[in-house]
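Before any comments, here is the structure.
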Amino acid sequence: SVGDEGGFISPYNNNEEPLKLIIKCIEKAGYKPGVEVFLGLDVAASELIDDKKYKIMQSNKNNYMTSDELLNFYIHLVKNYPIKSIEDPFDQDDWESWTKLNKAIGSQVQIVGDDLLVTSIDKIKTSISKNSSNTVLIKPNQVGTISETLNAINFAHKNNLNTIISHRSGDTEDSFIADLAMGTQSTQLKSGAPARSERTAKYNRISEIIAQNKSINYLGLQAMKI
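The sequence shown begins at 314 in the working numbering and counts up one residue at a time.
Okay, here's the thing in structure tokens:
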């Protein structure tokens, strides 16, 4: 089946099966995992928290992990799969675990704050003081105005944090965020799977901008600054 944001959903027994399936698909398409194609996770861990533990499905059963157990699981995944980005790995109030993970693997993986930072300069300041993430997810309609969005982007860049311009669930065909990503040199755009017009409109706009400016080069991993 297909999810709300155009992504394909398949049944699985544990959290590593989808990664193995994606690796097989990459190889079958003729690409090299870890060389030409890398993986990113959007865990949305605030949705998994239950009485200070994280509800993780394993073997078709709910398994509860502590913050440290989940942290070690992420480290295991990064060692065994070509993962270069992890978004919202812990609950938005679990600052200590964010900091531990960023210290452990932040030099090789994007630790992306969405629910943690909500495009808020005050939250970004807290993250900087705690060294809890190295990348800020930017959602214009999360903070409310374009002025506030630009302020958040500029503040993040001044503090050597990477930024990803992102859509929201239930988005429309408006493609402005593609221009925002290019205009602010955010280097990355998150707009869901390449399915359905509200998603493809953004990627098509990126293609138009690149076609109009031949000097724009594909950055690859350099876009992540890790």
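By construction, the Cβ of each residue, glycine as well, lies at the ideal position given by its N, Cα and C atoms.
When the beta-carbon positions are compared, Asn326 and Ile369 stay at least 9 Å from each other. The three-state reading of DSSP puts Lys374 in strand, counting E and B together. With respect to the C-alpha of Asn385, the residue from Ile451, Lys416, Lys527 having the closest C-alpha is Lys416. For Ile478, the closest of Asp492, Thr485, Asp487 by C-alpha to C-alpha distance is Asp492.
Cβ-Cβ distances below 6 Å link Phe403 to Ala358, Ser410, Trp411 in the same chain, with the five nearest sequence neighbours on each side left out; the list follows chain order. DSSP links Ile399 through a beta bridge to Leu354, Ile424. If you draw a straight line from the Cα of Gln405 to the Cα of Leu429, it comes to about 4 Å.
In terms of Cβ geometry, Glu461 and Gly426 do not form a close pair [threshold 9 Å]. According to DSSP, residue pairing for Asn475 in a beta bridge involves Thr448. Measuring C-alpha to C-alpha distances from Asn454 to each of Asp435, Phe468, Ile490, Thr476 identifies Ile490 as the nearest.
Excluding residues up to 5 positions away in sequence, Glu318, Gly319, His480, Asp484, Ser504, Gly505, Ala506 lie with their Cβ nearer than 8 Å to the Cβ of Arg512 in the same chain.
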